[in-house]
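Step one of this worksheet: look at the structure below.
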Ligand SMILES: [Zn+2]
Ligand SMILES: [Zn+2]
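Numbering (the working numbering), first residue to last: 23 to 432.
Here you go:
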């Protein structure tokens, strides 16, 4: 954004001791009469440039003129995420435009004024104190709360700058794949595994400050957490606020850094993680363990650990929703007369009555021996799929008996 034209002073000449504000231009303005003329030309150029490029903030955010504040915010979040410069494929120019539009349209007063003048030039030209050249190029600090949410959702570290960033800085999210047995899937289990990750420093408990030492205000940014750089151009002064490289936005630095973690507040190490797998989980499900990812650098929040679940297939069982299906074979005579078969359920062996006259392919139900219902109480059933085996090789005696059955119409 352009800096306020307060730098265009119409001070009487000569002014040898005055510090030139628009040095590029002023260098050429050696003679007294030339100075006011140059100022006029510069001012005209500024107004002309702005007037010739009217900005439609509604179009920038892709919202209707009657859009509600909520719609404006939603549109801004979506676009800001899309073009965020920290993101791969981000577009800083576009991001600034979106931010500028949002700064105006999200503020009731500014939006009203903008609506009143109908376009950015009216708004900016006639209200220099409000829009034209006030403050920094884009104020990421104001967006802290908005970006914390977006960052979390999409896994990039938030867009807030300065001290806002120190607060929202988060450790890296991690992910692992955990394989569970069919029974663990069905009934739930507590699994433990070792994970090498960044942990909070055991010496300084994450503060980065050496024992006995304390924090002091950063001299580079004087505790503000950000440094402002000025760029002068013929159109005025541009200001860009960036995170202080010395204290990384925190405003404070340790007098003496912790020797173990070199002031970072974290160290790499193996950690035993215990995770409670709920019964009824599915292959491909992902669990999020909040705060079990990498520890953040001092002052930040730990990342999360995403556990992707794989269920190891078991030849004995198939899953059908919350039911477990297994197969059992009976002989021709057992099917006709009825029998009892031993069925292996996930709870162990269970005797199952096979009624007489069962047909091949029929299923018998053993209630409550199935898979635990996720986020609900109770369990599914165990289903036994019956196959009737027709004898392929028969003895002479069996043949005689079968011949007799045949005579009986069986
Ligand atoms: Zn330490
Ligand atoms: Zn600093």
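Just so you know, even glycine gets a beta-carbon here, dropped at the ideal spot from N, CA and C.
Practice task
Report yes if the C-beta of residue 287 is less than 7 Å from at least one heavy atom of ligand 1; otherwise report no.
Solution key: Yes, Cβ of residue 287 sits closer than 7 Å to a heavy atom of ligand 1.
Handout entry: residue 71, buried or exposed, once every other Cβ within 10 Å from all chains shown has been counted against 16
Key = Summary for residue 71: the model assigns pLDDT 49, below 50, so the residue's position carries little reliability; its value from the coordinates is reported in the next sentence. When all chains shown are included, residue 71 counts as exposed.
Practice task
For residue 350, write down the residues that DSSP places opposite it in a beta bridge.
Solution key: According to DSSP, which records beta bridges pairwise, residue 350 is partnered with 408.
Problem - Whole-Å CB distance - residue 292 paired with residue 347, under 8 Å assumed - result: Rounded, the Cβ-Cβ distance is 41 Å, inconsistent with contact.
Exercise for the section: Out of 219, 233, 339, point me to the one whose CA is closest to residue 225's CA. Expected result: Ranking the options by Cα distance to residue 225, first place goes to 233.
Problem - Residues near residue 80 by beta carbon distance below 6 Å, same chain, minus five either side - result: Closer than 6 Å at the Cβ level, and outside the excluded window around residue 80, lie 87.
Practice task
With a threshold of 16 other CB atoms inside 10 Å of the CB of residue 98, please say whether the residue is buried or exposed.
Solution key: Of the residues assessed, residue 98 falls on the buried side of the cut-off, its CB having 16 or more other CB atoms within 10 angstroms.
Handout entry: Secondary structure of residue 355, DSSP reduced to three states
Key = Three-state DSSP puts residue 355 in a helix.
Exercise for the section: Tell me whether residue 411 is buried or exposed, calling it buried when 16 or more other Cβ atoms sit within 10 Å of its Cβ. Expected result: With fewer than 16 other Cβ atoms inside 10 Å of its own Cβ, residue 411 counts as exposed.
Handout entry: Rounded C-alpha distance that separates residue 85 from residue 132
Key = Residue 85 and residue 132 have their C-alpha atoms some 17 Å from each other.
Handout entry: Local Cβ density within 10 Å of residue 334, reported as buried at 16 or more and exposed below that
Key = By the neighbour-count criterion, in which a residue is buried when 16 or more other Cβ atoms sit within 10 angstroms of its Cβ, residue 334 is exposed.
Practice task
Measure the CB-CB distance between residue 330 and residue 199 and report whether it falls below 8 Å.
Solution key: Yes, the pair counts as a contact, with Cβ atoms nearer than the cut-off.
Problem - With 16 other Cβ atoms within 10 Å as the buried cut-off, status of residue 222 - result: That one is buried.
Handout entry: Beta carbon shell of ligand 1 at less than 5 Å from a heavy atom
Key = That query returns the following residues: 223, 225, 226, 280, 282, 283.
Handout entry: Enclosing beta strand (DSSP E) for residue 342 [first to last residue]
Key = Going by DSSP, residue 342 is part of the beta strand (DSSP E) stretching over 340 to 342.
Problem - Terminal residues of the beta strand (DSSP E) in which residue 329 lies - result: First-last of the beta strand (DSSP E) with residue 329: 327 to 333.
Practice task
Report, in whole angstroms, the separation of the C-beta atoms of residue 205 and residue 368, which I expect to be a contact under 8 Å.
Solution key: That belief holds up - the Cβ atoms of residue 205 and residue 368 are roughly 5 Å apart, short of 8 Å.
Problem - Contiguous beta strand (DSSP E) assignments of at least 3 residues, all confined to the stretch 273 to 310 - result: 274 to 276, 288 to 299, all fully within the stretch 273 to 310.
Practice task
Report yes if the C-beta of residue 230 is less than 7 Å from at least one heavy atom of ligand 2; otherwise report no.
Solution key: Result no, Cβ not under 7 Å from ligand 2.
Exercise for the section: Classify residue 212 as helix, strand or coil using the three-state DSSP reduction. Expected result: Reduced to three states, the DSSP call for residue 212 is strand.
Handout entry: heavy atom of ligand 2 below 7 Å from residue 264 C-beta
Key = False, no ligand heavy atom lies under 7 Å from that Cβ.
Practice task
State yes or no: is the C-beta of residue 242 nearer than 7 Å to some heavy atom of ligand 2?
Solution key: Within the cutoff, so yes.
Handout entry: Whether residue 105 touches residue 95 by CB criterion (8 Å)
Key = No.
Exercise for the section: For the beta strand (DSSP E) holding residue 16, just list the boundary residues, first then last. Expected result: Nothing can be reported for residue 16, as the shown portion of the chain is limited to 23 through 432.
Problem - Spatial neighbours of residue 336 in its chain, beta-carbon cut-off 6 Å, leaving aside the 5 residues before and after - result: The answer, listed in chain order, is 204.
Problem - Status (buried if at least 16 other CB within 10 Å, exposed otherwise) for residue 352 - result: When all chains shown are included, residue 352 counts as buried.
Problem - Exposure of residue 229, with buried meaning 16 or more beta-carbon neighbours within 10 Å - result: Residue 229 is buried by the Cβ-count criterion.
Practice task
Reducing DSSP to helix, strand and coil, say where residue 178 ends up.
Solution key: Because residue 178 carries a pLDDT of 33, less than 50, the predicted location of this residue cannot be relied on, and the following value inherits that uncertainty. Residue 178 falls in the coil class under three-state DSSP.
Problem - residue 270 - DSSP class collapsed to helix/strand/coil - result: Assigned with DSSP and collapsed to three states, residue 270 falls in coil, not helix or strand.
Practice task
Flag residue 433 as yes when its Cβ comes closer than 7 Å to any non-hydrogen atom of ligand 2, and as no otherwise.
Solution key: What is shown of the chain runs 23 to 432, which leaves residue 433 out entirely.
Handout entry: Rounded straight-line distance, which links the Cα of residue 93 to that of residue 146
Key = Bear in mind that a pLDDT of 37 at residue 146, under 50, signals an unreliable position, so the model cannot answer this.
Problem - When 325, 404, 289, 319 are compared against residue 385, the one with the closest alpha-carbon - result: Closest in alpha carbon position to residue 385, among 325, 404, 289, 319, is 404.
Practice task
Report yes if the C-beta distance between residue 286 and residue 240 is below 8 Å; otherwise report no.
Solution key: No, the pair does not count as a contact, with Cβ atoms beyond the cut-off.
Handout entry: Residue burial classification, residue 393 (beta-carbon count within 10 angstroms, cutoff 16)
Key = Buried, because 16 or more other Cβ atoms sit within 10 Å of the Cβ of residue 393.
Handout entry: Outcome for residue 416 when other beta-carbon atoms lying within 10 angstroms are tallied against a minimum of 16
Key = By the neighbour-count criterion, in which 16 or more other beta carbons inside 10 Å mark a residue as buried, residue 416 falls on the exposed side.
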